[in-house]
DNA sequence: GCCCGGTGTT
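In full-length UniProt numbering, the protein residues as written are 1 to 588.
Structural data, given as structure tokens:
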């Protein structure tokens with residue numbers, strides 16, 4: 001929950017305020033997202049003897065929905081019935097939305113069933129409510145039902161369909177007679193969210209080709225897509241289009257730009273956007289904090305957080321996640337623990353599983369496995385798989401077989417469909433030389449039909465994304481890439497590089513291990529970057545998993561030998577390689 | 001005046 005703001009200034013007492021001026025004041029609070037203030041204003045207007053009208057109820061219900069505040073919503077529902085406003089369709093739609101957002105679908109249905117008539121917004125609110133509660137199938141059934149009852153779906157209905165089921169979304173989208181910008185937004189955001197950035201970008205191009213103009217939300221979706229596939233050049237083009245559209249001062253767009261530049265490897269551009277924003281909210285500040293965290297700039301992150309506090313910016317649970325994440329990446333154990341303590345005591349924010357996972361990782365990485373385990377045991381709620389997984393990751397880093405086995409058992413129980421647990425345990429066994437048990441775990445994974453994620457590395461050159469997998473033979477310039485790697489490996493050996501085969505956790509002969517190491521997707525992408533971009537320019541590559549340890553040490557040599565900065569984004573963070581060193585100081 | 005958008009963990 002965000003920190004409480006100071007109460008709104010009382011309206012002047014000299015003049016009896018009209019209902020219109022109360023309502024417009026209320027509307028301003030709701031629009032600005034100051035829902036607590038809206039609630040307080042509503043109480044105040046009743047105290048001063050002003051009777052709310054249907055416009056008042058719509059706005060105050062909106063505030064309840066967004067807080068969310070179920071009990072207050074129920075009490076307002078009673079007042080609505082007493083005032084006779086419950087025949088207004090706007091009020092009823094707002095009630096459905098409020099109940100759905102507060103998680104009470106039963107109440108939402110009760111309102112729906114007592115309404116004399118429904119419009120498309122009624123159906124949309126109900127459909128989206130079910131989607132939010134994870135009832136996608138029910139949402140789709142409602143979508144069918146509304147059509148059977150002669151109600152024409154609109155683009156917002158389609159937003160619900162996209163979020164309920166991707167396959168269904170595509171079918172409906174193609175059969176829509178008129179696709180306005182809301183429908184396009186839903187598709188673009190839907191694809192961006194599920195990691196299909198290329199598809200999202202392709203859709204946004206198609207949208208513009210069909211003459212539909214992007215609005216701020218569209219740009220947010222497009223920037224998300226760029227961030228997920230790390231398409232920096234494309235992101236810059238979109239930034240230009242944003243400036244041309246006059247949306248550059250939108251805080252949503254600004255926060256997405258910060259995130260896009262940070263995730264594409266350019267923290268300088270992220271800072272430039274943040275610095276130039278005319279109006280910054282908590283999210284913009286938090287996006288910048290997250291940018292520092294993922295690039296390992298811990299000191300800047302802590303200073304940034306301090307500035308947030310000094311300037312009275314709101315702090316929420318996500319701000320703390322970013323802050324703890326900054327400590328985690330830099331190994332600032334004491335600072336991290338101190339901030340974790342202050343969350344509850346100074347800010348009134350209860351730590352979630354995610355915060356615990358972050359602190360467990362912070363302790364675990366630093367080798368304090370026992371402290372991490374104790375922390376988990378003292379959690380006020382039941383730890384989820386993510387928390388245990390953080391400890392399991394630490395067991396792998398520190399080669400703690402005994403604890404790893406025990407933790408893995410819990411992880412595999414809590415989240416049997418996630419390949420990460422199997423892979424970590426199998427790697428713990430392999431690192432200890434126990435190939436039989438390692439294979440047993442992999443066999444169990446296959447028996448349960450859990451597929452492990454294949455490692456992929458990609459690089460954007462001339463607006464085109466080139467993707468590599470281990471031993472890749474598909475790339476048209478693969479021979480040139482191999483030649484470049486051959487050339488480099490001679491120089492690297494002279495400079496003192498020794499391939500580290502412990503990172504090859506397979507039971508194969510050493511010769512073979514070496515061969516695979518030289519053909520890791522990271523090295524292929526770096527070599528391609530070297531031969532296809534001008535000398536001296538930085539190379540940005542991206543990997544879907546954690547970067548391999550041997551590739552990490554090899555990249556330090558390569559960056560020094562070729563005199564170029566190499567920036568790698570792996571699944572967790574950024575590594576900036578320059579002059580033989582990595583920004584993570586080998587702590588990752 | 002109601003329904004759709006941004007930041008984080010693993």
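Each residue gets a CB set at the ideal place from its N, CA and C atoms; glycine is no exception.
No experiment lies behind these values; they were computed from the predicted model shown.
Within the same chain, show all residues whose beta-carbon is closer than 6 Å to that of residue i, passing over the 5 residues directly before and after it, in chain order.
i	result
residue 483	none
residue 159	186
residue 378	none
residue 445	422
residue 122	93
residue 197	225, 228, 229
residue 107	99
Looking at residue i: is its Cβ nearer than 8 Å to the Cβ of residue j?
i	j	result
residue 128	residue 111	no
residue 339	residue 324	yes
residue 65	residue 98	yes
residue 283	residue 257	no
residue 607	residue 521	The question about residue 607 has no answer here: the residues shown for the chain are numbered 1 through 588.
residue 227	residue 259	yes
residue 120	residue 154	yes
residue 331	residue 587	yes
residue 366	residue 329	no
residue 574	residue 567	yes
residue 335	residue 302	yes
residue 233	residue 460	yes
residue 408	residue 361	no
residue 278	residue 249	yes
If you drop the 5 nearest sequence neighbours on each side, which residues of the same chain put their C-beta closer than 8 Å to that of residue i?
i	result
residue 404	392, 395, 396, 424, 425, 428
residue 241	214, 219
residue 580	556, 557, 559, 560
residue 477	528, 531, 532
residue 541	457, 458, 459, 522, 525, 526, 529, 566, 567, 568, 569
residue 571	543, 544, 545, 546
residue 58	90, 91, 94
residue 50	17, 19, 22
residue 74	107
By Cβ distance below 7 Å, which residues in the same chain neighbour residue i in space, the five residues on each side in sequence not counted?
i	result
residue 2	Because residue 2 sits at a pLDDT of 45, beneath the cut-off of 50, its placement in the model cannot be relied upon, and the following sentence gives the value as read from the coordinates. Closer than 7 Å at Cβ, skipping near neighbours: 314, 316.
residue 609	Since the first residue shown for the chain is 1 and the last is 588, residue 609 is missing from the structure and cannot be characterised.
residue 500	549, 550, 553
residue 495	557, 561
residue 454	469
residue 372	360, 363, 364, 391, 394
residue 370	none
In angstroms, rounded to a whole number, what distance separates the CA positions of residue i and residue j?
i	j	result
residue 25	residue 42	10 Å
residue 224	residue 269	16 Å
residue 411	residue 384	8 Å
residue 124	residue 486	60 Å
residue 305	residue 432	41 Å
residue 126	residue 100	7 Å
residue 539	residue 132	40 Å
residue 267	residue 296	11 Å
residue 52	residue 81	12 Å
residue 341	residue 368	18 Å
residue 143	residue 157	8 Å
residue 190	residue 163	7 Å
residue 179	residue 246	24 Å
residue 280	residue 406	46 Å
residue 490	residue 472	21 Å
residue 414	residue 354	16 Å
residue 203	residue 188	6 Å
residue 16	residue 356	52 Å
residue 31	residue 62	10 Å
residue 84	residue 134	34 Å
residue 309	residue 243	30 Å
residue 300	residue 399	32 Å
residue 293	residue 33	27 Å
Based on DSSP bridge pairs, tell me the residues matched to residue i.
i	result
residue 461	464
residue 582	577
residue 542	458, 569
Could you tell me whether any non-hydrogen atom of the ligand NAP is closer than 7 Å to the CB of residue i?
i	result
residue 198	For the structure depicted, the ligand NAP is absent and the ligand set is empty, with no information on it obtainable.
Whether or not the region 413-421 and the region 465-481 are in contact is what I'm after, with contact meaning three or more pairs of Cβ atoms, one per stretch, closer than 8 Å; do they touch? no
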